[in-house]
Amino acid sequence: DQQVKQNSPSLSVQEGRISILNCDYTNSMFDYFLWYKKYPAEGPTFLISISSIKDKNEDGRFTVFLNKSAKHLSLHIVPSQPGDSAVYFCAASDSWGKLQFGAGTQVVVTP
Amino acid sequence: DSGVTQTPKHLITATGQRVTLRCSPRSGDLSVYWYQQSLDQGLQFLIHYYNGEERAKGNILERFSAQQFPDLHSELNLSSLELGDSALYFCASSVVPAGTGVFYTFGSGTRLTVV
Chain A
25 DQQVKQNSPS
35 LSVQEGRISI
45 LNCDYTNSMF
55 DYFLWYKKYP
65 AEGPTFLISI
75 SSIKDKNEDG
85 RFTVFLNKSA
95 KHLSLHIVPS
105 QPGDSAVYFC
115 AASDSWGKLQ
125 FGAGTQVVVT
135 P
Chain B
-16 DSGVTQTPKH
-6 LITATGQRVT
4 LRCSPRSGDL
14 SVYWYQQSLD
24 QGLQFLIHYY
34 NGEERAKGNI
44 LERFSAQQFP
54 DLHSELNLSS
64 LELGDSALYF
74 CASSVVPAGT
84 GVFYTFGSGT
94 RLTVV
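In the order they appear, the protein sequences are chains A and B. Everything in the first sequence is counted per my numbering, starting at 25 for the first residue and increasing by one. Everything in the second sequence is counted per my numbering, starting at -16 for the first residue and increasing by one.
Rendered as structure tokens:
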């Protein structure tokens, strides 16, 4: 049962434009949400997170928005850079600390 | 270098065989998590150990087992291997069981190919 879903397997965006990645979840008990970034041949690396008591968290070019009523979160990257080309995983944490991941979205930033 | 070390990086083995994947967590981290990433799939949680004790199990097959040793390194044992077990296996660690404000640090993974 996939409780965290990323319905877009890929996203292509022009350099300098905004990248918007979406994630939906089904378990209302999730209390923390994270985004991880993964390059080929490397493990995922933590990017940004948000607590369920907030609706927005910003870190430089990266902003995560959380809509609890819709059980939806999104990651905005502005402006997109070629180095942002990677697979982005959405993850949600339950009270036991176990992270559940989405299937990932492959982002390609073109010049 | 994330500080989480996984060995080997690549492993090719035949069906029916048994392999052991090893993970050394980041210094000071007590929690170790194992994840499987199959082709075109997300990271599937397998198992979590905290300070030597099993804390949670996910979609881990009975043919798979794991343990965390007193020095906190962990091993994932995969037996009676099938072609479908071919995947990337990631280990992650955290200081305490991850939750609000605590996130995992991942190793670079072991790519298992069963032929």
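For every residue, glycine included, the Cβ atom is placed at its ideal position computed from N, Cα and C.
- A straight line joining the alpha-carbon of Ser76/A with that of Val133/A spans about 30 Å.
- Within the region 20 to 49 of chain B, those residues whose Cβ lies closer than 7 Å to any Cβ of chain A are, in chain order, Gln24, Gly25, Leu26, Phe28, His31, Ala39.
- At a cut-off of 8 Å, the C-beta of Ser76/B has no neighbouring C-beta in chain A.
- Taken in chain order, the members of the region 63 to 88 of chain A whose beta-carbon sits within less than 8 Å of a beta-carbon on chain B are Ala65, Glu66, Gly67, Pro68, Thr69, Phe70, Ser73, Ser75.
- For Asp12/B, no beta strand (DSSP E) run applies, since DSSP gives it neither H nor E.
- For Val37/A, the enclosing beta strand (DSSP E) begins and ends at 34 to 38.
- Going by DSSP, Glu45/B is part of no beta strand (DSSP E) at all; its letter is neither H nor E.
- The beta carbons of Gln30/A and Ala127/A sit closer together than 8 Å.
- DSSP places Asp83/A in the strand class (E or B) of the three-state scheme.
- Taking 8 Å as the cut-off, the beta carbon of Ser48/B is found closer than this to the beta carbon of Asn60/B.
- When DSSP states are grouped into helix, strand and coil, Leu64/B belongs to the coil group.
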